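Chains as they are written, first to last, in this note's numbering: chain A, 255 to 1215; chain B, 952 to 1514. Written out below as structure tokens is the structure these notes cover.
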Amino acid sequence: MGLAWSRWVEVLLVTALCLALLADAAEWHKFRKCDELAFCERHREAGRRAADGEYARRRGGDGSGSFQLGNITRWHVLRGAPPEVDRDGRWLRFVVAGGSERASQNGTAGSVRLEVAVAAATETIFAVRALRAYSVAEHAPRRWLWRREAPPPAEEDRFRPTDDVVRLAEPPLPLRRRGTDGDPACAVVDGDAESTWITVNDRAAQLPSYPMLRIQHQPFRIELYAQGMRVARAQRGQLTPHAVVNARDLWYMHPLDANDTASASVAADVLFPRAQCALGLPQHTLNLRLPNTHNTTPIRLYNLDVFEYELEKELGLYGSIPMVMAFGGSNDTVGALWMPASETYVDVRPVDPSGRDRGVHVHFYSEHGVPELFLFAGPHPQAVARQLAQLTGPPAMPPLFALGYHQSRWNYLDESDVRQVNAQLDAHDIPCDVLWLDIEHTDAKKYFTWDVRKFPHPDRLQRELATRSGRQLVTIVDPHIKSEPGYSVHEAARRHGWYVKQADGVTDYDGHCWPGRSHYIDFADAAVRQAWASRFTPEHYPFMTEHLHIWVDMNEPSVFSGPEGTMPKDARHVRGRWAHGQLHNIYGHYMQRATFQGLKQGRHGRQRPFVLSRSFFTGTQRYGAVWTGDNRADWAHLRVTVPMLLSMGVGGLSFVGADVGGFFGDPSPELLVRWYQVAAFQPFFRAHAHLDTKRREPWLFGEPYTAAIRAAIEERYALLPYWYTLLATEGGVPPMRPLAYEFPDDAEVTAAQSSWMVGAALLVAPVMQEAPSLHLVDLPGDASVLWYALGERASRLHAGVVAVHRGGDQVEYAAPGLQQTFTYQRGGTVVARRERRRKSAAAAVNDPYTLHVALDARGGARGRLYIDDGRSYAYRQGAYWLVELQTEAPEDQTAAAVWLCGRRTDPGLVTDATAFDGAPATLERIVVYAPCGQRAVLKRPNVTSLAQPHWQVRVALPCRI
Amino acid sequence: MDREGVDWQMGHSSHRSGRRYRWVGWWLILLAILLSHPAHAQLRGASPEVEKRLLAHAAEGYFQCSQQRLPIDALNDDYCDCVDGTDEPGTAACSGVSPHTLRFYCSNRGYLPELLHASRVNDGFCDCCDGSDEWQRPGVCNDTCPERGDALRAELEDKVGRWEAGRQQRRLLEQKAAARRQRRGPQMVREHRAQLHIAQRAERRLSRWKRRLEAYTKLLESSLERAELTPATHATAGMGAETDPLSETPASEDEHPTEDVPSSSPVPDELLDENMQNELQAVPQPSHADGPTATERSWRKRHAHGREGVASAKDTASSSPTPPQQLESEACRAVTLSWPAYVIVRAWQRVLQLRRRDLLANYRILRPLLGRVRDATALRRDASACVSLAASEYHAAVRQREHRHRELEEAQRQQTARYGPSDAFYAFHDEPCFQKQVGEHEFEVCLPRKVTQRSSQGGGNALLGHFERVQEPDAPGKPLRMLFENGDRCWHGPTRHCVIEFTCSNVTDILHVEEPEKCFYRIRMSCPAACNEQAIRDARETLEVLRRSRESARADAAAWDIK
């Protein structure tokens, strides 16, 4: 009986825990808010006042009345201390002095010194960094308010991710003070008693950004957590009970590390005077155009495992990139990237809430770190995107298969199940490139192992998939390692000290996750990353073949038993050197990086790795794909994929996607079809589902659903050459991009998130509502932009009539059918496609191309096509073809015809026409969309290979341009 | 067909057939036979029927596709000319263009012919066993048809053997099922109906007993109140002079007697006695009547498990000595009370863990004891215990009746339900269940009733579903399925359900169990009841096709050798 009771209690406890985790975790109230954090609340208040003052000044008043800086030090350039250029000419250093208003009343103004350095990383990227702050307290009177508090940590005690994140190809430019004529880059540091601003570059003389740096190093309030149950607030040394913690607080209750007081927090205010709105700051579920957070809560950037997340909340999600694009049209768009990797909040506030006046104030504040800000001079949105990629590295070129369709589920049970799914895909003629195995494939959630009862011969399975269908397999690896004696990874990690440590810096930290009690690999340590990378060989990962790729999940890190479901901030990294709170947001990034390195090494650098990660940070695009985590099968979650992925794109992530169908819950067949139609035009295209859901593979719903899903996937495969070209040649501008990237001066579409662009050529405006009676499509651009509606696929291959619309048009479609998709090709573009259905991307490499040429009003069109072997790094040595495609008007202006020319612009290293898998890159047909609303098709043009150095073809049109 | 010699892929025109060139034509024929792997299909990738259709107007130089009439050169020219994609049986050019796109026909000599999706043609992966789908790269694919053909033949022959045996057994099963339907089925329905009647009667009696006791207690209450006011009345048998509730007829039960209505005469002893006896024996009797059935046992077990109170009460009732045989009318009150009081004493005794022989089990000991019950509190307590006992007995009887009702319904359902195409599964009602251990779970299939899952680590059984229906295969090659619905509810999920897919064999066995999605189980079983003539005929036909295909492959090989 006693035993039974204890069992019951156990069951109940587990139930309660699971309920808490499963059902309620995404509830907004479970997570920490800004006003529950001393540093956050304080910075927020200061930021608001600063902004208020700014607005007051801009309104023409002197601002002094409302310019209440309170306890925050405001900096100004110290008189008599002209900026200096440092020895190697890279950084411009200067000292500013500051003091609070209160301090200035006390006669202590200027009693704090701050060394600031500004550097031009390139002509358009500037770094601003606060070097050192110190007080000149010896001159201060005894009434100095907060002298008893601990000094802020020195810079060497602050975690600085910059060196890991920033990957500048070229050396930084020398920077001079203004006045030295002819310098390509210079910075003007100017200021008055109230503020300091730095104007960078001649170009940037109009650059509408001037950052104000603010370092808060004199805390007036710290929070103490006493006895684990009470929150007390120390104010000026007095300890007063603040609140009794209620049950929900236990979720994140954790004593703060004594060293991590708010004194380490850092902040930066950036005012973008000419910005219309701000975009970016992934990851959140807010609109693409960031909302005014003045009266709500700041946007939180803190990587958390928030499954079934709520929408339109300023909730921290799986990843963080503190990158803001201040959108100001084609000439005034700039960006700012904030570096710290600790818990960060961002306030966004338009200067004029009514929206008449331009100007956006962005306030970053982080719990810890080095205050470092990069500014991107733009001025076009795409330029900002390229500058970000220039700074933090271009996106990893994915292997071709990764752009195909991925079929996943938690979980395909065993080898026969995987084979069954594979066979069904083939039987229903549904193209697919990758099958996935979630955590259940392992032996008791021990990663790098297989459950041999279910997967006795996984190597055979991988080879079979690859040789029969060209398909790949992806398995999951999480950062938590089961604490079980005899488990090789655990043994090695314990022996070599690869685990994150507890606050004492010695004991291995442990927390609960899928396998139960687990330890966490310390990815912040470069040596551990190296060790981790070495595990991706068949020696350490049995049955691993070259057809196996990796998915890293739960890397926020997710800890079921931890505060807010993650690791406590006082856990220690790198042999006790860093507190977890200092580098929390970059942990997942490091894991993906180590895994990427591992796959690369394991394949001797011959194969481009594919690694999917859930958590991310600035620069993660260099290591593979990211998805939006555990969403839900409903229409709102379908719709939110668009702003989420677009925002991630603003943060520099190119290869992003959301689980098709929604992770939790069972989608209706209609929702599933629509989701496929949406996701087929998003970069990372994977269907995935929770363990508790019903099976939903594309063939399970019968007609017309299966046909509609197949058509969506097929359209994706047809466009693979285009997607691949975009990823290879766009220099970091994400392939899935907001309309504002292409039409920055069309104010109507700045905030559009029901449609998006794939590259410059395709507009996607899918149905994202249940059985709409009306589907409206707003076509961007001015009336000179032509949009050709791409109709049904079969008709596209034959001459006929095509619907042409103009920019600014609103097109109405009554009750769109299930199969109906809404994609438009922009006039003036050429898109290369492969129109033959194949079972995988690998099966299409020999197929000829079809060029879809959409003419603009004057008969012009351009595009490009990039081809390489689809899997290796040989392209870095120039082994690729890049064909520039362009139309030319015929000599005889009256003729109803157009010339299409192709010109190879690559280094020309691959001259053998069959260099890539024997694929000669032949041309099957050219489809020309003419402004008169006719589609002309040229069957088998007389071009032996697209990769000829130069070729041209004349296409007769049914009407004159 | 005068165009055998033409290999369309090779672009030879077929229009010239003058006598002068006849020898060239013959050479071409020979060449084409040797080069085009599927010897009978000159139009690559076209099955004989498709070929016939497409080449119907070849002499006129065109072919027909949907509404278009296209020149014959457009056939298999690696460009999709037809809007409906029907001009390229031998290439992938029309792959995915329309649902009507032609499939690629592999003759697979030595094995079975196969129709592939056009997407498989020249995609770099060998799909046909003869490799003809990769005709652009000859030599890339090995011809594995003979080996596959041999393997398939061996497999089919083995299968056909087992299927034949299975078919024999199925006949036996069908006979058994038919017999059972005729005899056992109706009999069971009758039995269940009888049981239901008994249970209904017991329920009615207990209901009457309960209401009488309630009425009596009420009476007792009021008497006691009066007695407390006037202790003298209590000492005498005045209470007995009140209306005796036991004498009421069911019709008048609703009128609650009050103390103000004096009763003219006490109940006759015999009547009381008989009533009492009936009441007492009604409950336990039926279960002993013809030996406890399995359901009866489980019912009891369940009750013994879940409701200790009821079980002990039942125990008490069934093991109690015969109720008072001789009742003196002057002691009517005490005697009426004695029964519940006795039960209560027994219950106390249980509570106090006294030994049975100290239990005053003998009524003769009990009676004087009860006669001495004078304490009003004890009396009240006894009475209320008695009422609650009656209530619980009554509820148990209601449940019993409901249970019987369900059983009857189940029996009737079994009688009307069809178990498979020829009802063969019906015979399994009398067979033992089948078990299979999978990991830490043991699955038990009781054909065709239910499926359960038992955890070997303790944690109890879970019902995966009750029989719902048999789903016959909707297409050849699909298995016969048996659906089980409404199992136990999953934690945080739906009710469990299960499907069994049967393959024909001479033995019945569980082959494989899986849970493809949470709380949905798929079990593969072999069973003679799933055998059908058509499958065996098809298999024989397949064997015949295989044999012919193998022979022609051999002839080919011989021809090659001659060359």
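For glycine and all other residues, C-beta sits at the position ideal for the given N, C-alpha and C. These numbers come from a predicted model, not from an experiment.
Counting contacts by CB-CB distance shorter than 8 Å, is B:Pro1467 in contact with chain A? yes
Taking just the CA atoms, how far does B:Ala1490 sit from B:Leu1107? 7 Å
Alpha carbon of A:Ala677 to alpha carbon of A:Val602, nearest angstrom: 51 Å
Exposed or buried, what is A:Lys708 when buried is set at 16 or more other beta-carbons lying within 10 Å of its beta-carbon? A:Lys708 should be labelled buried.
On the DSSP bridge assignment, give the partners of A:Val1065 in chain order. A:Val1031
Starting from A:Tyr877, follow the alpha helix (DSSP H) in both directions and report where the run begins and ends. Careful: A:Tyr877 lies outside any alpha helix (DSSP H) and carries neither H nor E.
Assign A:Ile840 to one of three DSSP states: helix, strand, or coil. helix
Tell me which residues share the same chain as A:Thr550 and place their Cβ nearer than 8 Å to its Cβ, disregarding the 5 neighbours each side in the sequence. Glu568
Which residues in chain B sit within 9 Å of A:Gly724, going by Cβ to Cβ distance? Asp1074, Gly1075, Phe1076
Looking at the C-beta of A:Ala912, does it have a partner C-beta in chain B at a distance below 8 Å? no
For a quick check, are the C-beta atoms of A:Ser869 and A:Glu818 less than 8 Å apart? no
Give a yes or no on whether the minimum CB-CB distance between B:His1068 and chain A is below 8 Å. yes
Can you tell me the Cβ-Cβ gap for A:Phe938 and A:Gly911, rounded? I've got them flagged as a contact below 8 Å. 3 Å
Just checking my contact of A:Leu973 with A:Arg1087 at CB under 8 Å: how many whole Å lie between their CB atoms? A Cβ-Cβ distance of about 6 Å is found for the pair A:Leu973 and A:Arg1087, placing them in contact under the 8 Å criterion.
For a contact defined as C-beta to C-beta under 7 Å, what are the partners of B:Gly1047 on chain A? Glu968, Arg1090, Arg1091
Hey, out of A:Val1039, A:Arg940, A:Arg1179, A:Pro921, whose CA is closest to A:Glu1024's CA? A:Pro921
Kindly list the residues whose CB is nearer than 7 Å to the CB of A:Pro923, restricted to its own chain and excluding five residues on each side of it in sequence; keep chain order. Taking A:Pro923 as the centre and dropping the five residues before and after it, the same chain places the C-beta of Phe955, Tyr959 closer than 7 Å to its C-beta, in chain order.
Contacts of B:Cys1031 in chain A (Cβ-Cβ under 7 Å): Leu1051
Smallest Cα separation from A:Asp913: which of A:Arg940, A:Asp888, A:Asp692? For the residues A:Arg940, A:Asp888, A:Asp692, the minimum Cα distance to A:Asp913 belongs to A:Arg940.
With a cut-off of 8 Å, does the C-beta of B:Val1034 fall near any C-beta of chain A? Nearest CB-CB separation between B:Val1034 and chain A: below the 8 Å threshold.
Can you list, in chain order, the residues of its chain whose CB lies under 7 Å from that of A:Gly856, leaving out five sequence neighbours each side? Phe790, Thr791
Would you mind giving the Cβ-Cβ distance between A:Arg970 and A:Gly915, rounded to the nearest angstrom? I have them listed as a contact below 8 Å. About 15 Å separates the two Cβ atoms, so there is no contact after all.
If contact means a Cβ-Cβ distance below 9 Å, which residues of the stretch 1061 to 1093 of chain A contact chain B? Glu1089, Arg1090, Arg1091, Arg1092, Lys1093
Can you look up A:Ile1304 in the DSSP assignment and give me helix, strand or coil? Any question about residue 1304 of chain A goes unanswered here, given that chain A covers just 255 to 1215.
Mind checking whether A:Pro649 and A:Ser908 have CB atoms under 8 Å apart? yes
Hey, does A:Leu657 have any beta-carbon neighbour from chain B nearer than 8 Å? no
B:Arg1141 to B:Glu1419, Cα distance in whole Å? 23 Å
Just to check my reading of the structure: A:Arg1208 and A:Ala1151 have Cβ atoms closer than 8 Å, yes? What is that Cβ distance to the nearest angstrom? 6 Å
Indicate whether the contact test is met: 3 or more Cβ pairs, each with one atom in the stretch 655 to 663 of chain A and one in the stretch 606 to 624 of chain A, closer than 8 Å. no
Could you name the residues of the same chain whose beta carbon sits closer than 6 Å to that of A:Gln1202, not counting the 5 residues immediately before and after it, in chain order? none
Near-chain A residues of the stretch 1442 to 1461 of chain B (beta-carbon distance less than 8 Å), N- to C-terminal order: Trp1442, His1443, Gly1444
For A:Gly1062 versus A:Leu1033, is the C-beta distance shorter than 8 Å? yes
Between B:Ala1043 and chain A, is there a C-beta pair that is closer than 8 Å? yes
Rounded separation between A:Val1058 and B:Asp1028 - CA only: About 32 Å.
Establish whether the CB of B:Ala1506 and some CB of chain A are separated by less than 8 Å. No, no contact with chain A.
Taking the DSSP output, what are the residues bridged to A:Leu591? A:Met577, A:Phe628
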